[in-house]
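Trainee: Shown below is the structure under consideration.
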Amino acid sequence: MPRSRIIAAYERTQEQIKSVARRQMQAQGTAGLSLRAIARELGVSAPALYRYYPSLEALITALILDAFNALADALETAEATFPDEEPRGQLRAALLAYREWALAHPTDFELIYGNPIPGYSAPAEQTVPAASRALAILGRITDRGVRSGHIRLTPALTTIPESVNAHLSLLAPGYGTSAEVLHTCMIGWTRIHGAIQLELFGHTPPVVGDPTAFYGGLVEALIDGG
379 MPRSRIIAAY
389 ERTQEQIKSV
399 ARRQMQAQGT
409 AGLSLRAIAR
419 ELGVSAPALY
429 RYYPSLEALI
439 TALILDAFNA
449 LADALETAEA
459 TFPDEEPRGQ
469 LRAALLAYRE
479 WALAHPTDFE
489 LIYGNPIPGY
499 SAPAEQTVPA
509 ASRALAILGR
519 ITDRGVRSGH
529 IRLTPALTTI
539 PESVNAHLSL
549 LAPGYGTSAE
559 VLHTCMIGWT
569 RIHGAIQLEL
579 FGHTPPVVGD
589 PTAFYGGLVE
599 ALIDGG
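If you're matching positions, the sequence shown starts at 379 in our numbering and goes up one per residue.
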C-alpha cells in the first residue's frame with residue numbers, strides 16, 4: 379500500500395476515535411471518557427488504540443486542540459466576511475460566530491471551558507498557543523478598530539487595576555496590541571463567555587425569553603464601548 383494511503387487510513391482511524399470520544403462526552407460528560415469504552419464501540423482491543431493515541435491524556439489533548447482551533451477558525455471565517463476597513467462589522471461577526479460555534483458544539487465548548495477532567499493536566503506548550511488564538515483574533519480586530527477610530531475605548535474599559543495592568547503589559551506585545559486593548563478584549567470575552575455558558579446550561583432563556591436577541595444586544599453594547 380502506498381505510504382500516502384497508509385497515512386490517510388491512520389488519520390481516518392484517529393478521527394473515528396475522536397468521534398466516538400465526543401459521543402461519550404456528550405452522553406456522560408467529559409469525566410466519563412474511557413479508552414476501553416471507545417475500543418469496545420469500535421470493536422477493537424484497548425491496546426490497539428495505543429497505536430493512535432499512547433494514552434487517554436494524549437487523546438484528550440488532541441480533542442482540546444481540535445476544539446480550540448475549530449473555534450478560532452470559526453472566528454477567522456466570520457472576520458473575513460468584512461474587509462479590514464470595517465472592523466466594527468468584523469468584530470460583530472466574530473462575536474456572533476463565537477456563540478454560534480458554542481451552541482453547535484456544546485460538548486467541545488464544555489471540554490475547553492467547563493469543568494476540569496480529573497487527573498488530566500493539559501500540556502501548556504501544546505494547548506496555550508491554540509487557546510490563545512480566539513483572543514488574538516478579537517484583539518487584532520479591536521486594535522484595528524481603535525487605530526482607525528471606528529472603535530472607541532471608554533474609561534469603563536480602559537481603567538485597569540495596577541496589578542492587572544502590569545501583567546497585561548507583559549502579555550500585550552505577544553498579541554500585537556496594547557494593554558488597554560487587551561484589557562478591553564478580556565472584559566468583552568468574559569461577558570460573552572458568561573452569557574453563552576449561562577445559556578448552554580439553560581439559565582438565561584427563561585429570564586430573557588429570546589437569548590439570541592439578548593446576546594445580540596450584548597454584542598452591540600460591547601462594540602459601542604459599553
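Beta carbons are placed, not taken as given, at the ideal position from N, Cα and C, and that holds for glycine.
On a Cα-Cα basis, can you pick out the residue from A450, A508, E558 and V542 that is closest to R610?
Mentor: Residue 610 cannot be examined here, being either before or after the span of the chain that is shown, 379 to 604.
Trainee: Contact criterion: CB-CB distance below 9 Å. Does L531 meet it with respect to chain C?
Mentor: Looking at the structure shown, chain C is missing, and only one protein chain is on hand.
Trainee: Considering just the uninterrupted stretch of the alpha helix (DSSP H) at I574, what are its terminal residues?
Mentor: Counting along the chain, the alpha helix (DSSP H) containing I574 begins and ends at A557 to L578.
Trainee: Can you tell which of A471, D462 and L441 has its C-alpha closest to the C-alpha of T455?
Mentor: Nearest C-alpha to T455: A471.
Trainee: Note down, in chain order, each residue of its chain lying with its Cβ closer than 6 Å to the Cβ of I538, except the 5 sequence neighbours on either side.
Mentor: Around I538: H561.
Trainee: Count the C-beta pairs between the stretch 439–449 and the stretch 483–491 that are closer than 8 Å, then say yes if the count reaches three, no if not.
Mentor: The stretch 439–449, when compared against the stretch 483–491, does touch it at the 8 Å Cβ threshold.
Trainee: Pull up the distance between the alpha-carbon of G594 and that of L474, whole angstroms please.
Mentor: Their Cα atoms are separated by approximately 7 Å.
Trainee: Just tell me which of G552, L437 and E577 has its CA closest to the CA of I495.
Mentor: Among G552, L437 and E577, the Cα nearest to that of I495 belongs to L437.
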